[in-house]
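In UniProt numbering, the protein residues as written are 1 to 308.
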């Protein structure tokens, strides 16, 4: 892998923390009528957000990304989970560098967040903790990272927020790339079901694409990792610092990033399954991303006021 080409294509750094298992029956993302949510999220469901926040609260001082991974692994083990937290990145990140969401040298520009929590209320495979995940992350961002509530877009199937439909999620990704400028800080959080579908583009080493499962997946289909890459990662402007926390099954490569490591490694290495062809035109690529993973735009514009 040519790091210069990667850097030209994605001026970004992702740290993806994922404890999701890759052993799950896949379904055709476009044949939505044949896919049903799993009855439970398994041991990968819902653990990432709470574990991350527990570690941050128990170790308030500076810590490295590697320390964060190890401490998350220890917490997961203590609770009986067999997941191994993973990181993926768009830069060959120094695992011993300091974990941070807001860089200390970043300009005091806008901080924005998209927080998505889907419990699939009334559906098979209904979850119970995803709304709480969003509330807890929201509180952390406001109290510890200096975010403002008016600069957060929340999508939840709780009857009080915009619905986390496929269209609303994708529109939110598109809009945040349009509004973010150099020096801005962005945080994106997804808590819900994740899945796998057969890879039809040939860019996945294991033959499967990872997916996010919106609340209306039966009608609108799942969101494939290639779409997230093209909609959120690729268009982001240069020098925007983005942290993405994916708390769902199969989230380890949910953004198709070029570098990775897990809690058993000592340093980050190239993702052999990364498709350099995804970079496309380097002139279209920009942004600084951090991704942590464990798993009608008019309507949005009308409801969030000055957000973004």
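The C-beta atom is built at its ideal place from N, Cα and C for all residues, glycine as well.
- Residue nearest to residue 273 within the set 231, 223, 260, 178 is 260 (criterion: CA-CA distance).
- DSSP places residue 210 in the uninterrupted beta strand (DSSP E) bounded by 208 to 212.
- When DSSP states are grouped into helix, strand and coil, residue 196 belongs to the strand group.
- Beta-bridge annotation (DSSP): residue 187 is paired with 113, 243.
- Using a Cβ distance threshold of 8 Å, residue 112 and residue 184 count as a contacting pair.
- For residue 89, the pairing in a beta bridge is given by DSSP as 259.
- Non-local beta-carbon contacts of residue 116 in its own chain, meaning distances under 6 Å to residues more than five positions away in sequence, involve 155, 164, 190 in chain order.
- By alpha-carbon distance to residue 160, the top candidate from 173, 146, 135, 175 is 135.
- Linking residue 224 to residue 123 through their CA atoms gives a straight-line distance of about 21 Å.
- Residue environment for residue 98: exposed (fewer than 16 other C-beta atoms within 10 angstroms of its C-beta).
- Taking 4 residues as the minimum length, the alpha helix (DSSP H) runs contained wholly in the stretch 56 to 80 are 65 to 78, in order along the chain.
- As DSSP reads the structure, residue 270 sits in a beta bridge with 259.
- Contact annotation: residue 66 and residue 17 have beta-carbon atoms that are not nearer than 8 Å.
- Closest by C-alpha distance to residue 171, out of 131, 218, 232, is 232.
- A Cβ-Cβ separation of about 6 Å places residue 194 in contact with residue 211 under the 8 Å criterion.
- Residue 3 has its alpha-carbon roughly 33 Å from the corresponding atom of residue 166.
- DSSP lists 113 as the beta-bridge partner residues of residue 152.
- Here the C-alpha atom of residue 63 lies approximately 36 Å from the C-alpha atom of residue 197.
- If you compare the alpha carbons of 245, 138, 114, 157 with that of residue 179, the shortest gap goes to 114.
- Taking C-beta separations shorter than 7 Å and ignoring five residues to either side along the sequence, the partners of residue 55 in its chain run 68, 71, 72, 75, following chain order.
- From the listed residues 101, 242, 152, 266, the smallest Cα separation to residue 11 is found for 242.
- As DSSP reads the structure, residue 223 sits in a beta bridge with 212.
- Note on residue 128: under 16 other CB atoms within 10 angstroms of its CB, so exposed under the neighbour-count rule.
- Taking the Cα positions, residue 148 is about 14 Å away from residue 102.
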